[in-house]
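Numbering (full-length UniProt numbering), first residue to last: 1 to 394.
Here's the structure, in structure tokens; my notes come after.
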């Protein structure tokens with residue numbers, strides 16, 4: 001009987017287990033789609049848009065001065081004054097509620113401020129890490145959503161407008177969440193994924209993001225657990241209103257269950273008490289943990305495939321990856337799982353995953369500082385050229 005049950009469990013959960021060949025195929029497909037996004041002739045139909053950020057360099061440690069970083073959320077506005085002196089960074093910040101009249105204002109009142117850059121969280125994560133580690137060339141967000149940016153050779157960035165002199169590279173905001181929107185990832189898509197996508201607010205869109213990000217992991221796990229329960233393999237077949245409710249099994253539960261003590265399963269039992277599941281056996285706890293770990297492993301390994309693709313495209317011997325986001329920060333094994341799979345998928349490249357701190361504040365200020373430094377260097381160079389021309393008249 002037990003053997004038969006194990007067979008049934010395996011049949012239900014098997015689609016969540018991918019092979020290394022599957023992950024290698026994902027790497028190849030992603031590179032193909034990213035190349036389409038970089039090229040002007042194919043960008044129009046590309047799913048991964050590879051947006052030029054116009055950020056041309058990372059900090060080199062000589063940046064100095066005071067910079068304002070403005071972190072604009074849906075309701076709050078965080079203003080930071082960041083003082084840079086080489087490696088030293090001092091920050092003061094204040095948080096304001098955004099009043100309605102400002103939200104609806106013209107955007108051109110009062111202060112004459114020079115806006116040096118508008119960035120997203122991936123660029124912030126990269127810049128923040130690059131300040132202390134010169135090898136940092138990828139910024140990754142693994143939180144509610146997922147995205148990555150990386151440093152690309154300028155000659156390959158065909159969508160960049162203008163011809164500003166400066167460093168021969170540019171940060172690319174990949175917007176990789178849309179990978180798979182053309183159906184190319186259907187070969188790894190399970191019924192659980194299809195249900196998540198169908199009931200999402202953007203059905204058919206951001207398919208890769210739905211595999212790897214925190215917004216959907218809990219729901220994928222819930223659907224798998226419900227299928228096991230309905231098959232009489234979990235909780236004695238007894239469910240609850242909460243477990244039958246979409247979005248009620250939070251991603252934080254996945255992290256907490258995987259981090260639980262396997263001798264007592266204390267946290268796991270508390271979670272199911274919250275979800276009003278009456279009888280939870282130790283065997284149930286083991287199966288729940290196994291299911292959650294399959295969902296997490298697949299997410300971590302698919303994110304690793306994305307990073308392996310970027311490492312391969314960049315062709316650098318050594319790269320630091322700046323990572324931020326609640327999923328990466330709070331899941332007990334995400335870091336280790338990613339280290340393991342990137343090694344497999346990008347052999348021969350030395351890399352490390354570095355937790356990024358305050359990309360939206362410090363990272364944004366560093367973008368402004370680097371832009372300011374490059375501007376200063378340009379002015380100094382053109383001054384030297386003028387002086388040289390004066391002292392060497394024909």
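The beta-carbon is built from N, C-alpha and C at its ideal position, and this holds for glycine as well.
The structure displayed is predicted, hence computed values, not measured ones.
In this structure, how does DSSP classify residue 117 when only helix, strand and coil are distinguished?
The three-state reading of DSSP puts residue 117 in coil, since its state is none of H, G, I, E or B.
Hey, which unbroken runs of the beta strand (DSSP E) at 3 residues or more fall wholly within the segment 250 to 325?
Taking only runs of at least 3 residues, the beta strand (DSSP E) segments lying wholly in the segment 250 to 325 are 318 to 324.
Report, in whole angstroms, the separation of the C-beta atoms of residue 195 and residue 223, which I expect to be a contact under 8 Å.
Indeed, because the Cβ distance is near 6 Å, the residues count as touching under 8 Å.
How far does the beta strand (DSSP E) with residue 148 in it reach, from first residue to last?
That run of the beta strand (DSSP E) goes 146 to 153.
What are the boundary residues of the beta strand (DSSP E) that includes residue 96?
In this chain, the beta strand (DSSP E) harbouring residue 96 covers 88 to 97.
Candidates 4, 12 and 3, of which the one nearest residue 290 by Cα:
For residue 290, the nearest C-alpha among the options comes from 12.
Answer with buried or exposed for residue 285, where buried requires no fewer than 16 other C-beta atoms within 10 angstroms of its C-beta.
Looking at its Cβ environment, which holds 16 or more other Cβ atoms inside 10 Å, residue 285 is buried.
Residue 217 to residue 298, Cα distance in whole Å?
Distance between residue 217 and residue 298, taken at the CA atoms: about 10 Å.
Please identify the residue among 76, 71 and 243 whose C-alpha is closest to the C-alpha of residue 230.
Answer by Cα proximity: 243.
Residues of its chain near residue 239, where Cβ-Cβ distance is below 6 Å and the 5 sequence neighbours each way are ignored
The answer, listed in chain order, is 229.
Contacting residues, own chain, Cβ-Cβ under 8 Å from residue 31 (five flanking each side not counted)
Excluding residues within five positions, the ones whose Cβ falls inside 8 Å are 309, 312 and 313.
Between the Cα of residue 149 and the Cα atoms of 316, 320, 160 and 175, which residue gives the shortest distance?
The shortest Cα separation from residue 149 among 316, 320, 160 and 175 belongs to 175.
The beta strand (DSSP E) spanning residue 139 covers which residue range?
Its beta strand (DSSP E) spans residues 136 to 142.
Alpha carbon to alpha carbon, what distance is there between residue 361 and residue 191?
One Cα belongs to residue 191, the other to residue 361, and the distance between them is close to 40 Å.
Locate the alpha helix (DSSP H) running through residue 350, then write down its first and last residues.
Run containing residue 350: none in the alpha helix (DSSP H); it sits in the beta strand (DSSP E), 350 to 355.
Does the segment 341 to 350 come within contact of the segment 112 to 119, defined as at least 3 CB pairs closer than 8 Å?
In short, these stretches do not touch, since the Cβ pair count stays below three.
Assigned exposure category for residue 300 - 16 Cβ within 10 Å defines buried
Buried, since its Cβ has 16 or more Cβ neighbours within 10 Å.
Judging by CA-CA distance, which residue of 154, 106 and 46 is the nearest neighbour of residue 56?
Nearest in C-alpha terms to residue 56, of all of 154, 106 and 46, is 154.
Cα-Cα, which of 316, 2, 211 and 87 is closest to residue 251?
The shortest C-alpha to C-alpha distance from residue 251 to any of 316, 2, 211 and 87 is the one to 211.
Any contact of the segment 87 to 96 with the segment 358 to 376, i.e. 3+ C-beta pairs under 8 Å?
In this structure the segment 87 to 96 touches the segment 358 to 376; the number of beta carbon pairs closer than 8 Å is three or more.
So, residue 221 versus residue 254, is the Cβ gap smaller than 9 Å?
Cβ atoms of residue 221 and residue 254: closer than 9 Å.
By how many angstroms is the C-alpha of residue 84 removed from the C-alpha of residue 279?
Approximately 58 Å, taken between the alpha carbons.
Let me make sure I understand the geometry here. Which of 261, 272 and 135 has the alpha-carbon closest to that of residue 319?
A check of alpha carbon separations from residue 319 across 261, 272 and 135 identifies 135 as the nearest.
Rounded straight-line distance, which links the Cα of residue 47 to that of residue 198
Going from the Cα of residue 198 to the Cα of residue 47 covers about 19 Å.
DSSP has residue 51 in a bridge; who is on the other side?
DSSP, once it has assigned bridges, lists 173 as partnering residue 51.
Starting from residue 211 and walking both ways along the alpha helix (DSSP H), at which residues does that stretch end?
It spans 207 to 212 - the alpha helix (DSSP H) in which residue 211 sits, taken as one unbroken run.
Based on the DSSP secondary-structure assignment, which residues constitute the bridge partners of residue 76?
The partner list for residue 76 (beta bridge, DSSP) reads 97.
Nearest-angstrom Cα separation, counted from residue 138 out to residue 323
Taking the Cα positions, residue 323 is about 8 Å away from residue 138.
Which term fits residue 97, buried or exposed, when burial requires 16 or more other beta carbons within 10 angstroms of its beta carbon?
Counting Cβ neighbours within 10 Å, residue 97 comes out exposed, since fewer than 16 surround it.
Rounding to the nearest angstrom, what Cα-Cα distance links residue 386 and residue 378 in this structure?
Answer to the nearest angstrom: the Cα atoms are 12 Å apart.
From the DSSP output, which residues share a beta bridge with residue 69?
Residue pairing for residue 69: DSSP places it in a beta bridge opposite 80.
Quick check on this structure: which residue in 110, 45, 152 and 124 has the alpha carbon closest to the alpha carbon of residue 316?
Out of 110, 45, 152 and 124, 152 has the C-alpha closest to the C-alpha of residue 316.
Distance check for residue 305 and residue 23, CA to CA, integer angstroms please.
Our two residues, residue 23 and residue 305, have alpha carbons roughly 6 Å apart in a direct line.
Within 10 angstroms of its Cβ, does residue 52 collect 16 or more other Cβ (buried), or is it exposed?
The residue in question, residue 52, is buried, as its Cβ has 16 or more Cβ neighbours within 10 Å.
My understanding is that residue 276 touches residue 246, with C-beta atoms under 8 Å, so please give their C-beta distance in whole angstroms.
Contact doesn't hold; Cβ gap of about 16 Å is too wide.
Is residue 354 closer than 9 Å to residue 172 when the C-beta atoms are compared?
Inclusion of residue 172 and residue 354 in the CB contact set at 9 Å is not warranted, their separation being larger than that value.
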